[in-house]
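Working notes, structure below.
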Amino acid sequence: MRDMQPQTRAKLFGPEYITRELEITGRVLNPLKLGCAELRTLQQQRIEGLTILCGSGKVKERVASYQGVLLRDLLDLAEVELTEHDTPNHTYVVASGSDGYFVLFSWHELFNSPLGDGVLVIIEKNDAPLNGDEGEIGLVSAGDQRPGPRHMRYLKRIEVCELPADRAPGQTM
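Residue numbers for the sequence shown follow this note's numbering, so the first one is 67 and each next one is one higher.
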């Protein structure tokens, strides 16, 4: 992979972006709305010693620890609707923040690869709640070689989507 140029999109910070509730919606049987208090009651995972690299390879931050809930555990709680044997092949997850930033994961990344072991909905950083510049709820994909592009603050929504089989790449219309 070639180094990507640093992003030029303006970063949005401020109290108006702080998220206090996470919504899990889309192709789920049990849509959820969870605040930080509810997230703290769920099984917690901890990631230690993570260097956040942006897409260009530049070191953005070195983090001693993150704590939160595995994204796939939250998706299991919401009961992702998988109706056919090959539905996972065209199911994807969109994580979006109140600042307009969003990232994508395939179902297989989260449930069928080691990467899923490090995709956390985070509520703590360095043994303290996330600060105002990050919101109260965020997301990190610690297994990415360059975690920066899928590191999110102000996480607001997780949406499970399905690409219709007849719209899959390579299919004729």
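Ideal Cβ positions, reconstructed from N, Cα and C, are used throughout, including at glycine. On a predicted model such as this, the values are computed, not experimentally measured, just so you know.
So residue i is in the beta strand (DSSP E); what residue range does that whole segment cover?
i	result
L205	G204 to S207
C102	Where C102 is concerned, there is no enclosing beta strand (DSSP E), although the alpha helix (DSSP H) it sits in stretches over C102 to T107.
E228	L221 to E228
E89	E87 to G92
L116	Q111 to L119
I189	V185 to K191
Y158	T157 to G163
Apply the 10 Å Cβ neighbour rule to residue i and answer buried if 16 or more other Cβ atoms are within range, or exposed otherwise.
i	result
T157	buried
D165	buried
E114	exposed
A208	buried
R128	exposed
V125	exposed
For the putative contact between residue i and residue j, defined by C-beta atoms under 8 angstroms, what is the C-beta separation to the nearest angstrom?
i	j	result
T85	I203	5 angstroms
L119	R219	About 17 angstroms; that fails the 8 angstroms criterion.
K222	S179	At roughly 26 angstroms, the Cβ-Cβ gap does not stay under 8 angstroms, so K222 and S179 are not in contact.
G143	V159	Residue identity check: residue 143 is Leu in the sequence provided, not Gly. Going by Cβ atoms, the distance from L143 to V159 rounds to 14 angstroms, so no, they are not a contact pair.
Q133	I189	7 angstroms
Please report the residue range of the alpha helix (DSSP H) in which residue i lies.
i	result
A144	L137 to A144
E243	With the chain covering 67 to 239 only, the question about residue 243 has no answer from this structure.
Does the region 104-111 touch the region 131-141, meaning 3 or more C-beta pairs lie closer than 8 angstroms? yes
Count the CB pairs spanning the region 94-101 and the region 148-156 that are closer than 8 angstroms, and state whether there are at least three. no
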